[in-house]
Amino acid sequence: MFQRLRALFGKATIKPSQTLDTENIPQHIAIIMDGNGRWAKSRGLPRMAGHHSGMKTVKRITMAADRLGVKFLTLYAFSTENWKRPKAEVEFLMKLPQEFLSIELNELIEKNVQVRMMGYKSDLPDHTLHAIEEAMHKTANNTGLVLNFALNYGSRSEMLEAVRQIGQSVKAGDLQPEDIEETHLADRLLTAGMPDPDLLIRTSGELRLSNFMLWQLAYSEMWFTDVYWPEFTEEHFYDAITEYQRRARRYGGL
Ligand code: FPP
Numbered sequence: 012m013f014q015r016l017r018a019l020f021g022k023a024t025i026k027p028s029q030t031l032d033t034e035n036i037p038q039h040i041a042i043i044m045d046g047n048g049r050w051a052k053s054r055g056l057p058r059m060a061g062h063h064s065g066m067k068t069v070k071r072i073t074m075a076a077d078r079l080g081v082k083f084l085t086l087y088a089f090s091t092e093n094w095k096r097p098k099a100e101v102e103f104l105m106k107l108p109q110e111f112l113s114i115e116l117n118e119l120i121e122k123n124v125q126v127r128m129m130g131y132k133s134d135l136p137d138h139t140l141h142a143i144e145e146a147m148h149k150t151a152n153n154t155g156l157v158l159n160f161a162l163n164y165g166s167r168s169e170m171l172e173a174v175r176q177i178g179q180s181v182k183a184g185d186l187q188p189e190d191i192e193e194t195h196l197a198d199r200l201l202t203a204g205m206p207d208p209d210l211l212i213r214t215s216g217e218l219r220l221s222n223f224m225l226w227q228l229a230y231s232e233m234w235f236t237d238v239y240w241p242e243f244t245e246e247h248f249y250d251a252i253t254e255y256q257r258r259a260r261r262y263g264g265l
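The numbering used here numbers the first residue of the sequence shown as 12 and each following residue consecutively.
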């Protein structure tokens with residue numbers, strides 16, 4: 012049944028202009044948050060200002076996803092390749108989870124949001140890991156939106172690690188090669204237990220996956236926008252979901 016989304020918001024200041032089918036909200040939305048640097052450059056600001064502004068968009072979109080009843084929101088915050096950036100930028104990016112959580116954690120707890128992280132923890136600075144782990148610990152029993160930060164995440168490494176583990180099971184004689192099924196791999200990915208994304212959003216006009224959830228996005232709907240992440244609003248988010256709702260998902264069938 013179609014309803015005016017406005018009804019969900021009561022007197023909230025956000026006034027989405029489109030109509031969304033509240034019964035067909037994507038369960039899992041994954042976002043490649045891109046364009047912070049270009050946004051900053053276009054305003055004559057340092058790149059860090061773009062990342063800082065991007066952090067505010069994280070809050071905006073997390074709250075919008077929560078209000079809509081999205082179950083999982085996965086945000087690509089730092090890739091395994093992003094270490095190649097200048098040291099000062101990497102250090103700045105590594106401080107953002109801490110800053111974000113120091114400001115927002117109480118509200119996330121209040122909203123029943125569960126914070127998770129997927130990525131390689133061992134390379135993260137202690138202060139970054141500590142902030143994330145504290146948030147994960149404090150929200151572990153929350154049952155609302157799962158806010159999943161992909162931090163020091165790379166899809167090829169994730170799949171390689173899963174393949175290595177399967178290889179070990181085969182070597183140990185616990186698994187026969189001909190018995191290997193999709194679930195053997197999926198259960199060893201960092202997303203084990205989560206549904207695959209229904210919708211992938213990438214901002215800033217780039218049309219590629221950049222080593223993000225290559226296995227999990229096999230049947231996801233993809234939505235790209237030229238808008239830079241710092242200026243991505245709830246309205247853009249609703250546009251993406253509206254387009255998702257127009258598409259017929261066939262999963263290879265007719
Ligand atoms: C890509 O834009 C963005 C990143 C590598 C970092 C994304 C991080 C945030 C949006 C903030 C994260 C906040 C929290 C709470 C973890 P880019 O720098 O590649 O932009 P460009 O392509 O225009 O240079």
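Think of the CB as a built atom: it goes at the ideal place given N, C-alpha and C, for glycine as much as any other residue.
Being a predicted model, the structure only gives us computed values, none of them experimental.
Check: residue i C-beta below 7 Å from any heavy atom of ligand 1
i: leucine 107; result: yes
i: glycine 48; result: yes
i: serine 291; result: Because the chain spans 12 through 265 in this model, residue 291 falls outside it and cannot be assessed.
i: asparagine 93; result: yes
i: methionine 128; result: no
i: serine 166; result: no
i: phenylalanine 160; result: yes
i: methionine 66; result: yes
i: phenylalanine 89; result: yes
i: serine 215; result: yes
i: leucine 104; result: yes
i: valine 81; result: no
i: aspartate 134; result: no
Bridge partner(s) assigned by DSSP for residue i
i: glutamine 125; result: Val157
i: serine 90; result: Tyr164
i: threonine 85; result: Ala41 and Asn159
i: methionine 233; result: Leu211
Outcome for residue i when other beta-carbon atoms lying within 10 angstroms are tallied against a minimum of 16
i: lysine 26; result: Note that lysine 26 scores a pLDDT of 48, beneath 50, so its modelled location is shaky; the value from the coordinates is reported in the next line. Counting Cβ neighbours within 10 Å, lysine 26 comes out exposed, since fewer than 16 surround it.
i: arginine 260; result: exposed
i: methionine 44; result: buried
i: proline 136; result: exposed
i: arginine 167; result: exposed
i: proline 208; result: buried
i: arginine 219; result: exposed
i: glycine 263; result: exposed
i: glutamine 227; result: buried
Sub-8 Å separation of residue i and residue j beta-carbons
i: tryptophan 234; j: serine 215; result: no
i: tyrosine 87; j: alanine 161; result: yes
i: arginine 127; j: methionine 105; result: no
i: isoleucine 212; j: isoleucine 42; result: yes
i: leucine 210; j: serine 231; result: yes
i: leucine 84; j: leucine 156; result: yes
Contact between the region 151 to 159 and the region 108 to 115 (3+ Cβ pairs under 8 Å) | Output reads no: the region 108 to 115 does not touch the region 151 to 159.
Hey, is the region 192 to 200 in contact with the region 173 to 181, meaning 3+ C-beta pairs nearer than 8 Å?
-> Look at the beta carbons and you see the region 192 to 200 touching the region 173 to 181: at least three pairs across the two are nearer than 8 Å.
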